[in-house]
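Number of protein chains: 2
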Amino acid sequence: MIRDAERTKKLLLKAATDEFAAYGIAGARIDRIAASAGVNKAMIYSYFESKDNLFDTVFNAMTSASLEQVVFDVADLPGYAGRLFDSFEDNPDTVRLTTWYQLERPHGTPLHAVVASNAAKLHELRGAIAAGTLPDRFEPVEFLALVRAVVLSWSTTVPELGPAVPKDRARRRAVIVDAVRRLIAFD
Amino acid sequence: MIRDAERTKKLLLKAATDEFAAYGIAGARIDRIAASAGVNKAMIYSYFESKDNLFDTVFNAMTSASLEQVVFDVADLPGYAGRLFDSFEDNPDTVRLTTWYQLERPHGTPLHAVVASNAAKLHELRGAIAAGTLPDRFEPVEFLALVRAVVLSWSTTVPELGPAVPKDRARRRAVIVDAVRRLIAFD
DNA sequence: GCTTGTCAACTAAAAAGTTAGTTGTAAAAT
DNA sequence: ATTTTACAACTAACTTTTTAGTTGACAAGC
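Line by line, the protein sequences give chains A and B. Just so we're aligned, residue 1 is where the first sequence starts under my numbering, counting upward by one. Just so we're aligned, residue 1001 is where the second sequence starts under my numbering, counting upward by one.
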């Protein structure tokens, strides 16, 4: 039997990511994570102190990866929206984990990486508004919230609407990109 | 001790609504609901079969009430968005319960009231597009998804953005109404 | 007295977390 | 080069805590 702590940790993190994305913090089962990783349960407590701490590790890793993946471009917000949409479609776990986090950790410590990334985006937006590249009808934080909300359109859709939602991913993407274009348009 | 089955049920439903909104299905605790309602735990099982069934009851009641409260007006989508926003701000539990439901009940039975209400909205939207009242760049379902997403802008905001979010509710409302106005504008 | 509402105490099962002991590995000692 | 030693990786079984759900006794109103 080979022994490889790093490999074991990776297996656990992968399994934990799937489990938390599917069931949330309260719904996740330590035994299920261990079984699905093919690793002994005690290893979880050896490498990650507790269930809560395991979730934090998973969430931080996911968030960092997600932030790096999608580059912000204040000169092309519709393009940014499209890339963000692609990222969410390719990694639906990201959206679910973030939603669980917001629901189950209403007072979680703000992640430094996210704070920094948002500050940078707000700063760029402020600059673009000042320079006249973007209209001044919305504040920077308002642009950011609106773009994010529009990108999440198909995720926040109620299940009852499900069957009517366009099957074609390209179409769903085009709707979002076009909507953002209209939000930032000069009259 | 006074005996009033209806009163007891109401107390339990109120407590259960708060509990499920705060902690979700997996995170909710039957003992906490009973304690917060000031009612014995066994009453829950007497009036509502199980934890799952209690959640369904809470969710159906909340959904029906929420649907009735906000009237749809295809001739004034920005106004509808504003009223929906007000409803969500006044009853934040509604948004949380719906989100929990989407996460924890991915294959829940579609609620008849919601299905009917959505069908009616889609039908009206189709009519408005055909009549030229609304632009034809988006399908009915796309309008609905976009409007809902925009209304939820401040709810889907990541916590790290929290401090930057406008404190003024009227301003947050105005942003949403204006955004919807732009989405339905003719060029 | 019979039905229905209420309650405290109980049960069974599930879940998180722990422990005592085993095994592989790699470096030090021979 | 082999053996020894030390430690990290690992395991199975265990303990403790939590939680959904139950029961049987008692009380209130008809």
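All residues carry an ideal CB built from backbone N, CA and C; glycine is no exception. This one's a predicted model, so the numbers in the text were calculated from it and none came from an experiment.
Please confirm whether residue i and residue j have their CB atoms less than 8 Å apart.
i	j	result
LEU1122 of chain B	LEU1134 of chain B	no
ALA15 of chain A	SER36 of chain A	yes
GLY1082 of chain B	VAL1150 of chain B	no
LEU97 of chain A	ALA145 of chain A	no
LEU189 of chain A	VAL1141 of chain B	What is shown of chain A runs 1 to 187, which leaves residue 189 of chain A out entirely.
ARG172 of chain A	TRP154 of chain A	yes
GLU94 of chain A	MET62 of chain A	The question names Glu, but residue 94 of chain A is Thr in the sequence shown. Cβ distance < 8 Å, so THR94 of chain A and MET62 of chain A count as in contact.
LEU152 of chain A	THR1156 of chain B	yes
VAL1114 of chain B	VAL158 of chain A	yes
LEU1111 of chain B	ASN1060 of chain B	yes
LEU1011 of chain B	TRP100 of chain A	no
LEU183 of chain A	ALA1179 of chain B	yes
TYR1080 of chain B	ASP1073 of chain B	yes
ALA34 of chain A	ALA1026 of chain B	no
Please confirm if residue i has its CB atom under 8 Å from at least one CB of chain A.
i	result
SER1087 of chain B	no
TYR1080 of chain B	no
LEU1013 of chain B	no
ASN1118 of chain B	yes
GLY1132 of chain B	no
VAL1058 of chain B	no
GLU1124 of chain B	no
SER1153 of chain B	yes
VAL1180 of chain B	no
ALA1149 of chain B	yes
ARG1096 of chain B	yes
GLU1068 of chain B	no
Does the beta carbon of residue i come closer than 8 Å to any beta carbon on chain B?
i	result
GLY27 of chain A	yes
VAL71 of chain A	no
PRO92 of chain A	no
ALA170 of chain A	no
THR17 of chain A	no
GLU142 of chain A	yes
PHE48 of chain A	no
ASP136 of chain A	no
LEU77 of chain A	no
VAL175 of chain A	yes
GLY108 of chain A	yes
Using the beta-carbon count (16 or more within 10 Å), is residue i buried or exposed?
i	result
SER1050 of chain B	exposed
PHE1138 of chain B	buried
ARG7 of chain A	exposed
THR1109 of chain B	exposed
PRO78 of chain A	buried
GLY24 of chain A	buried
GLU1068 of chain B	exposed
ASP1031 of chain B	exposed
ARG961 of chain B	This structure cannot speak to residue 961 of chain B, because chain B is shown only from 1001 to 1187.
ASN1118 of chain B	buried
PHE1088 of chain B	buried
ALA1028 of chain B	buried
ALA955 of chain B	No answer is possible for residue 955 of chain B: the residues shown for chain B start at 1001 and end at 1187.
VAL1058 of chain B	buried
ASP1168 of chain B	exposed
PHE1186 of chain B	exposed
ASP56 of chain A	buried
ALA1075 of chain B	exposed
May I ask whether a heavy atom of the ligand SAM can be found less than 7 Å away from the beta carbon of residue i?
i	result
PRO1092 of chain B	Judged by which ligands are present, the structure shown has none, so any question about the ligand SAM falls away.
Runs of beta strand (DSSP E) lying entirely within the stretch 36 to 99 of chain A, each at least 3 residues, in chain order:
none
Unbroken alpha helix (DSSP H) runs of length 4 or more, entirely within the stretch 113 to 177 of chain A: which are they?
140 to 151
At 4 residues or longer, and completely inside the stretch 1006 to 1039 of chain B: list those alpha helix (DSSP H) runs for me, N to C.
1030 to 1037
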